[in-house]
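Notes to accompany the following structure.
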């Protein structure tokens, strides 16, 4: 892909902007594209009654064990497991308890629109001084998704179309790649669609492969316009940042994120696992599903771990 | 309700037992009742394309602030909110990060079948010494729900049928109450159904009311047979323990739990919020929905916070 | 005490300032007053060989259970307690494990000099934009105390001198009160001293009393000059904020903090428990001790839980 | 060293046992050896007034990043760093806040006597069923150290005596090595002493060296008798488990731990950093110090992070 510099991001961001499109107070961005008829149409795609969880296990094999990354892998600890009753508080039953400590972006997750911005302004023009504080996101928090994200999901199985197991580090998926993936799926993009972008990256990381995190394959920044033109509501991927990493020499590190989250108000999901779903889609030839993603209801949250479900 | 003693629980437990019904290795219990045709039928209930999140906010107003309860309220903290870049690691964008610390049973949640048992044996006869250890649940963990729980949900709005805002502490809902609630909803129970039991309790707690936690209204232990007979897959409630508390003088504290989780392998969900869904059901007269609950994918977890969604 | 407004704080702050006194790069403030001879002199106060821990138990009875306070009480959970060995990793021994989740200011603690400031500048003129970031305190972190704080401690048992069990909410301790407490102790202040200010407040809170947190008794802002004049190195107290709360109508909420931490670089400790030490001092008439406080070695920390020790 | 099997541990354990020595209710073990005169004598060793913190930084470079170890490295996060005041709760000052999540054995720490045992019984004969439960250690918790551990510390700088920078993996230190180290230090062991055992291991791990964790150099099990004979109160080391690892082929993995903690009631500390102290001792030829270790006051804790201080 051609490089894009900061000024290029600003110019393209203005062109693709959804600021004000759904009102000056809007905090939901492209979720507004998922109208009730889109929800109903998604439900109508269910035929066989099979479901697929799209989350990787939230455990210590995540990508954030390195010191200094500022993130850490999920921690799960049992706090009671034998129901011992030394203080006589229980009676006849025994029970177990546990807890989790989770960075909201450290396992399968979606980003709130308050997660990323530039030039001091978030999506829809909210200033970061008052929108994202120590008390949490006052604007564009994950609670804007608290009724769930329900729409048609379309699996774009890029490596399978190319006849490979997974995409190599640095592989760029541009607008033409998205068109080709839809063609291969026998589908046309529809407003409100959720793209489920399979690269094969993160499940391989979990199996111990060195997947070249810093050069993760993914979308080019040019896909932002394609996504805007096709009125896509969300993109979820099985890589680290949806977009290709390490490919924009001389410009911002993650230009697609900047355009997508801040200018377009696009929902992004990362660290997904599409392996089982992809097998199923390859087997029955149906690449659309009812997609249901329901983040935790975290006041002020700027992201959330979750386990999205694909229903076919 | 009549009291039931420990021996009574054992006898009734044997009668209602689902042990072995789905194989000696089964760890999913009544989720087996949700066959693919039940999933498809659930999707077919979607008409208007509206969605309702059923989780309360995971915040510090939960029920577990008292010292010594062994649980604690959800903790959410921002770990970055201004995107400051003192070390030059970022470039042109700014971002925010946060984390959550969650007891898996301290906000809206579902119980894994490894959460509760008696007489040293869990559901399907697994011995607690090897099934629930410091390393997590080796059997019946929450990962058995990792493909999501998708079925028909039926809102049983008990207080509204009775013409009250909420049920008083100690109010018992027995089998006849369940029948009456289905009648009022104009529906018949079907195998695989998820009961959404509204009492009005927990949302009132969150609004600051003293709801009498120790005498929370809910199901009587007699409902266990009703639920077994009607092949119900799950019961989710907006109270603390699904069942009525403080009502079984002289016997086990929570006999319904013991029968439901351990003998029947029934999925239970607690601390739900049905207020908005109930308003909608009262308005359109439709009390069934597509219910999608997707716990976090926690290896060895004995429960999970989540945000279930009702789709109508 | 007379009120002080923001402009008064600024003026007095300049007068009492220790900025530059120990070099432009100094991050230790009044700890510089604890010279090696002060350490040796502190050791020389040890006569009977008795020790007192000054920390309250780090448990759920702390002061921060209320939602929205932005702090939370200490959490301690066992993560292994029976040494079960389901996976064959252990051999002949059994062991237990646990973990703690601690706000660094939520139980007995000391403040790093990066904990509080005004007008955008920290102690010694460091600008908050670069000194205190999402990655931690780059200046004035708790690591500046990582060799331990060892000096003479002087117990100022204010209520006992007044013949009462504890000070009532709102009680102000001014410079004359400090003089009187030293007189009652039969001691003279020396450079490098650590004041151990007993009010009786926090231990009562832990015993269930309503101690009027918002009007906690303590030092007046006028004590800042007294402390500067006498070259005191640190003040540790058994209340919530060292200083009296709710007493500076119309001015800043905690003017002593602003002067002490930001302008003077004074070490403050809070939520201490002096009950046992005070009994001992009353019994033997010796109110000085060797004081050893050793915060956790937390890179970038802005405070630390700890268990200071008084040795007599 | 010769191997020791489980029966050998039991036999030697009975011989070295301190059970009942300080009463049937004792929970402090060898801390009883630190009598007031030992505390005073420790204070009398202070000459130059210099202090050394012995804790490594509690950060993400600890030894527990590997998935499945059941431990995790310390987590420190800022929760407020700019004092933003969007809700008007603050007035004129700005402040910062942070928190830590710490496994009690995952950085520099001491073990409570409830941390390890065998044959179902802890130190002094407490049964593990009632002594160590989900609610914490009911016996032998870390709170038994809450008045601090203050005694003479003796640095045993094993590698320096041998003319090397650090001990190689697998290096065994036996009773003769302890005698030689005392001789080299020009000191004789005294009752109540705290041994500060330098191997050079953990500081090297933190500098990125592969130190062969599974074969960490350290004490042989034969040192247990030496320690018993010399009435040592505690052993703290800069390796992973005080004792040599991987050296007892065919027998228990950590026989010294079993004898020391369970039979003798000996205080152990691990993951210390003696580098700066060792430089100082080499320079002035004085290898004794006043040692002050003060664990956090954690009710029911089975260990504690801390920052011990050596004062010379």
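Protein chains in written order, with full-length UniProt numbering: chain A, 1 to 312; chain B, 1 to 312; chain C, 1 to 312; chain D, 1 to 312. No residue lacks a Cβ here, since even glycine has one placed at the ideal position from N, Cα and C.
Using a CB distance cut-off of 8 Å, residue 22 of chain B does not count as an interface residue toward chain A. By the C-beta density criterion, residue 11 of chain B is exposed, having fewer than 16 other C-beta atoms within 10 angstroms. The straight-line gap separating the alpha-carbon atoms of residue 146 of chain C and residue 223 of chain C is approximately 27 Å. With contacts defined as CB atoms closer than 8 Å, residue 151 of chain B and residue 233 of chain B qualify as a contacting pair.
Not one beta carbon of chain A lies nearer than 8 Å to the beta carbon of residue 304 of chain D.
One alpha carbon belongs to residue 285 of chain C, the other to residue 159 of chain C, and they sit about 16 Å apart. Less than 8 Å separates the beta-carbon of residue 199 of chain A from that of residue 239 of chain A. Under DSSP, residue 127 of chain B shares a beta bridge with B/121. Comparing alpha carbon positions, the residue from A/251, A/250, A/300, A/149 closest to residue 266 of chain A is A/149.
One alpha carbon belongs to residue 19 of chain A, the other to residue 261 of chain A, and they sit about 11 Å apart.
In terms of Cα proximity to residue 38 of chain B, the closest of B/62, B/173, B/153, B/295 is B/153. Under the three-state reduction of DSSP output, residue 196 of chain B falls in the strand class. Pairing residue 43 of chain A with residue 34 of chain A, the inter-Cα distance amounts to about 13 Å. Only buried fits residue 181 of chain B, as 16 or more other CB atoms lie within 10 angstroms of its CB. For residue 157 of chain A, the beta-bridge partners assigned by DSSP are A/198. The CB of residue 94 of chain D comes closer than 8 Å to the CB of 116, 117, 118, 120, 128 in chain C, given here in chain order.
Cβ neighbours of residue 99 of chain D within its own chain (closer than 8 Å, five residues either side excluded): 76, 77, 79. Comparing alpha carbon positions, the residue from A/105, A/255, A/191, A/258 closest to residue 31 of chain A is A/191. Neighbourhood of residue 79 of chain B in chain C, by CB distance below 9 Å: 134, in chain order. Under the 8 Å criterion on CB atoms, residue 4 of chain D is classed as non-interfacial with respect to chain C. Residue 297 of chain D and residue 276 of chain B have their C-alpha atoms some 46 Å from each other. Contact with chain A is found for residue 99 of chain C, since one of that chain's Cβ atoms lies less than 8 Å from the residue's Cβ. The beta carbons of residue 115 of chain B and residue 302 of chain B sit closer together than 8 Å. Looking only at D/258, D/309, D/96, the smallest Cα-Cα distance to residue 121 of chain D is reached by D/258. Inclusion of residue 109 of chain B and residue 304 of chain B in the CB contact set at 8 Å is warranted, their separation being smaller than that value.
Shown here, residue 31 of chain C sits in a helix according to DSSP, grouped into three states.
In the structure shown, residue 13 of chain B falls within a helical segment according to DSSP collapsed to helix, strand and coil. Here residue 139 of chain D is buried. Its C-beta has 16 or more other C-beta atoms within 10 Å. Within chain D, the residues whose beta carbon sits less than 7 Å from that of residue 82 of chain B are 82, listed in sequence order. With a threshold of 8 Å between beta carbons, residue 75 of chain C makes contact with chain B. As the crow flies, the alpha-carbon of residue 82 of chain A is around 20 Å from that of residue 72 of chain B. For residue 226 of chain D, same chain residues with a beta-carbon under 6 Å away, outside a window of 5 residues either side, are 175, 178 in chain order. Just so you know, the alpha carbons of residue 312 of chain B and residue 300 of chain C end up roughly 50 Å apart. A buried status is given to residue 228 of chain C, since no fewer than 16 other beta-carbon atoms sit within 10 Å of its beta-carbon. The residue from B/54, B/106, B/126, B/58 with its alpha-carbon nearest to that of residue 29 of chain B is B/126. Taking 8 Å as the cut-off, the Cβ atoms of residue 173 of chain B and residue 104 of chain B do not count as close.
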